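One structure is given below, encoded as structure tokens.
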């Protein structure tokens, strides 16, 4: 696994990634790879290090080591703003809607990081709720609307690699359906998605592959075709 | 009580309030964005005033160019300080920023006392703004009218820039969640440097406005900063609108106190601060954290 960085189709390649939160060694040598246009999930129990992996890719952790290649560029020592400018978009688990900005301002905040971003009216067609509430303060929205806003916000920028952290957590089925539509659309447009998801039924229908994470390491990888035959194995990993 | 005395004190209050507003506005911008309690704000006010004095006496550059040049120079000094010193204490408790900027204040003020001694130096009122308007009940010097007007324009211009423009949107986002804002590709560290420079430049601008009214002296900012600190606490730490409104209103209240109870004029702002802290600790315009 040394030549991933140079490969054309490799969009994200992580090797031997270590990261610390304070004194706790959260990531203990994570290695994974996502090809261009793929939708890949990281599944695993709470505290396995899934969110930390996304934060590390985004450059949001001070103490990290190893190798992270985004489109063949080593970014392990780069600050978050540089990584974002490579076309990487991050939708955090807590959604990160700004209370001091209204919905439109939240949408317009992230600068363009590449060509081909989704125009605002198309975003409003995808998430009609946001159009109705575009003058509302960001944090006045319902949880589902906040999640739509968090995704809509990065669709505008022309990013090509999306890091989505638990986009369906705590949402009603109707809203989950809308989020799924958005992710489907992103995949159709050829975007690459790395998805952290607890809801395996949701992840299963979207993803090409699933990485299983345990105690700060990737311990298994299951392809879409094997999901049905490996159901027992997956259940054991997730502790369902 | 004559109308003349009242309106005279209203004017004095508005002038003082204009300076309180400009200085506490810069203070609020810096605290809101960087979480730094910039005690040196008064020093940058002094730098602004001294900048215009030096430009006039050493380079023959008059008031109007100095009104732009001097705040820009003060802002540049501020940005250099932010890059070299202040950026190092963001992750620490507020008290470290306060102590650091206190040290900066002592250093700069000490240098100016060493070079210029403490005596005030006069700065002429610009030619275009000499004379005044006789309003019947009050003689309004043109220069003082200009100070109130300029400070109002700058205060509300700053408020507009922060609340209504895309730069302001980015600044507010960087204030609320700097890490996530960086993850969107926004260079927050550079934004913080700019914000500190802008806050300092506001103080420098106030200093240039003040030069023809108060004499230019190395200690002119040290006394003011204590009052400004009280204004900021009353308005609410980091609140832009709070700084502007409170600055002007407290200036006027202080002016009227001089009429009704002169011995109380120097402490009325602090009494108000005391009461506000008891009733609404986050300040009149501040949000509870």
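Protein chains in written order, with my numbering: chain A, 1 to 240; chain B, 241 to 529. Ideal Cβ placement from N, Cα and C applies to all residues, glycine included. Source: prediction; values computed, not measured.
Mind pulling the chain B residues with CB within less than 9 Å of residue i?
| i | result |
| --- | --- |
| residue 84 of chain A | 422, 423, 424, 425, 426 |
| residue 92 of chain A | 420, 423 |
| residue 238 of chain A | Per Cβ cutoff of 9 Å: no residues; residue 238 of chain A is ~28 Å from chain B at best. |
| residue 195 of chain A | By Cβ distance, chain B contributes nothing, its closest Cβ being about 17 Å from residue 195 of chain A, past 9 Å. |
| residue 221 of chain A | Result: empty, since nearest Cβ-Cβ is about 27 Å, beyond 9 Å. |
Would you grab the beta carbon distance between residue i and residue j for me? Rounded to a whole angstrom, and I think it's under 8 Å.
| i | j | result |
| --- | --- | --- |
| residue 211 of chain A | residue 27 of chain A | Not confirmed; about 13 Å, so no contact. |
| residue 363 of chain B | residue 293 of chain B | 6 Å |
| residue 509 of chain B | residue 470 of chain B | 5 Å |
| residue 148 of chain A | residue 130 of chain A | 6 Å |
| residue 311 of chain B | residue 448 of chain B | 7 Å |
| residue 512 of chain B | residue 474 of chain B | 6 Å |
| residue 478 of chain B | residue 284 of chain B | Their Cβ separation, rounded to whole angstroms, is 18 Å, which puts residue 478 of chain B and residue 284 of chain B out of contact at 8 Å. |
| residue 168 of chain A | residue 151 of chain A | Rounded, the Cβ-Cβ distance is 11 Å, inconsistent with contact. |
| residue 99 of chain A | residue 137 of chain A | 6 Å |
| residue 96 of chain A | residue 79 of chain A | About 18 Å separates the two Cβ atoms, so there is no contact after all. |
| residue 414 of chain B | residue 389 of chain B | Not quite, the Cβ-Cβ distance comes to about 31 Å (not below 8 Å), so this is no contact. |
| residue 141 of chain A | residue 103 of chain A | 7 Å |
| residue 66 of chain A | residue 17 of chain A | 4 Å |
Between the C-alpha atoms of residue i and residue j, what's the straight-line distance to the nearest angstrom?
| i | j | result |
| --- | --- | --- |
| residue 344 of chain B | residue 74 of chain A | 40 Å |
| residue 90 of chain A | residue 433 of chain B | 25 Å |
| residue 245 of chain A | residue 424 of chain B | As shown, chain A starts at 1 and ends at 240. That puts residue 245 of chain A outside it, with no answer to give. |
| residue 465 of chain B | residue 282 of chain B | 5 Å |
| residue 241 of chain A | residue 227 of chain A | In this structure chain A extends from 1 to 240, so residue 241 of chain A is not present and cannot be described. |
| residue 56 of chain A | residue 190 of chain A | 24 Å |
| residue 159 of chain A | residue 88 of chain A | 5 Å |
| residue 41 of chain A | residue 183 of chain A | 12 Å |
| residue 385 of chain B | residue 366 of chain B | 13 Å |
| residue 495 of chain B | residue 376 of chain B | 20 Å |
| residue 175 of chain A | residue 480 of chain B | 38 Å |
| residue 94 of chain A | residue 166 of chain A | 9 Å |
| residue 143 of chain A | residue 171 of chain A | 7 Å |
| residue 501 of chain B | residue 243 of chain B | 17 Å |
| residue 231 of chain A | residue 225 of chain A | 11 Å |
| residue 53 of chain A | residue 25 of chain A | 12 Å |
| residue 260 of chain B | residue 468 of chain B | 6 Å |
| residue 326 of chain B | residue 181 of chain A | 47 Å |
| residue 109 of chain A | residue 308 of chain B | 30 Å |
| residue 355 of chain B | residue 401 of chain B | 38 Å |
| residue 394 of chain B | residue 286 of chain B | 18 Å |
| residue 314 of chain B | residue 462 of chain B | 16 Å |
| residue 251 of chain B | residue 522 of chain B | 30 Å |
| residue 203 of chain A | residue 339 of chain B | 52 Å |
| residue 205 of chain B | residue 332 of chain B | In the structure as shown, chain B starts at 241 and stops at 529, and residue 205 of chain B therefore has no counterpart that could be examined. |
Can you check whether the CB of residue j is closer than 8 Å to the CB of residue i?
| i | j | result |
| --- | --- | --- |
| residue 296 of chain B | residue 302 of chain B | yes |
| residue 274 of chain B | residue 330 of chain B | yes |
| residue 440 of chain B | residue 318 of chain B | yes |
| residue 15 of chain A | residue 427 of chain B | no |
| residue 233 of chain A | residue 221 of chain A | no |
| residue 192 of chain A | residue 161 of chain A | yes |
| residue 382 of chain B | residue 392 of chain B | no |
| residue 263 of chain B | residue 451 of chain B | no |
| residue 164 of chain A | residue 45 of chain A | no |
| residue 357 of chain B | residue 437 of chain B | no |
| residue 12 of chain A | residue 34 of chain A | yes |
| residue 435 of chain B | residue 407 of chain B | no |
| residue 380 of chain B | residue 371 of chain B | no |
| residue 153 of chain A | residue 107 of chain A | yes |
| residue 341 of chain B | residue 279 of chain B | yes |
So which residues of chain B does residue i contact, with C-beta pairs closer than 7 Å?
| i | result |
| --- | --- |
| residue 115 of chain A | Correct list: empty, because the minimum Cβ distance to chain B is about 14 Å. |
| residue 173 of chain A | Correct list: empty, because the minimum Cβ distance to chain B is about 28 Å. |
| residue 155 of chain A | Per Cβ cutoff of 7 Å: no residues; residue 155 of chain A is ~13 Å from chain B at best. |
| residue 58 of chain A | 423 |
| residue 79 of chain A | 422 |
Give the interface partners of residue i over in chain A, defined as CB-CB distance under 8 Å, in chain order.
| i | result |
| --- | --- |
| residue 409 of chain B | 101, 105, 108, 109 |
| residue 322 of chain B | Within chain A, no residue comes near residue 322 of chain B; the closest Cβ sits about 17 Å away, beyond 8 Å. |
Give the residues of chain A in contact with residue i, contact being defined as C-beta atoms less than 9 Å apart.
| i | result |
| --- | --- |
| residue 416 of chain B | 98, 99, 100, 101 |
So residue i contacts chain B; which residues on that side make the cut at Cβ distance below 8 Å?
| i | result |
| --- | --- |
| residue 292 of chain A | This structure leaves residue 292 of chain A out entirely; chain A is present only between 1 and 240. |
| residue 120 of chain A | The premise fails here: residue 120 of chain A is roughly 14 Å from chain B at the closest Cβ pair, so nothing lies under 8 Å. |
Would residue i count as contacting chain D if we go by Cβ distances under 8 Å?
| i | result |
| --- | --- |
| residue 412 of chain B | Absent here is chain D; the protein component of the structure consists of chains A and B. |
Original post:
Would you call the region 212-224 of chain A and the region 36-53 of chain A touching, i.e. three or more CB-CB distances under 8 Å?
Top reply: They touch, by the three-pair rule.
**OP:** Would you check if there are 3 or more beta carbon pairs closer than 8 Å linking the region 193-212 of chain A to the region 114-129 of chain A?
**Re:** No, the region 193-212 of chain A is not in contact with the region 114-129 of chain A.
Original post:
Counting Cβ pairs closer than 8 Å, one from the region 452-466 of chain B and one from the region 344-353 of chain B, do we hit at least three?
Top reply: Yes: at least three Cβ pairs fall under 8 Å.
Original post:
Per the contact definition of three or more C-beta pairs closer than 8 Å, is the region 405-425 of chain B in contact with the region 245-252 of chain B?
Top reply: Taking 8 Å as the limit for Cβ pairs, the verdict is that the region 405-425 of chain B does not touch the region 245-252 of chain B.
Original post:
Hey, is the region 256-263 of chain B in contact with the region 484-504 of chain B, meaning 3+ C-beta pairs nearer than 8 Å?
Top reply: Two segments are said to touch when three or more pairs of C-beta atoms, one from each, lie closer than 8 Å; by this definition the region 256-263 of chain B touches the region 484-504 of chain B.
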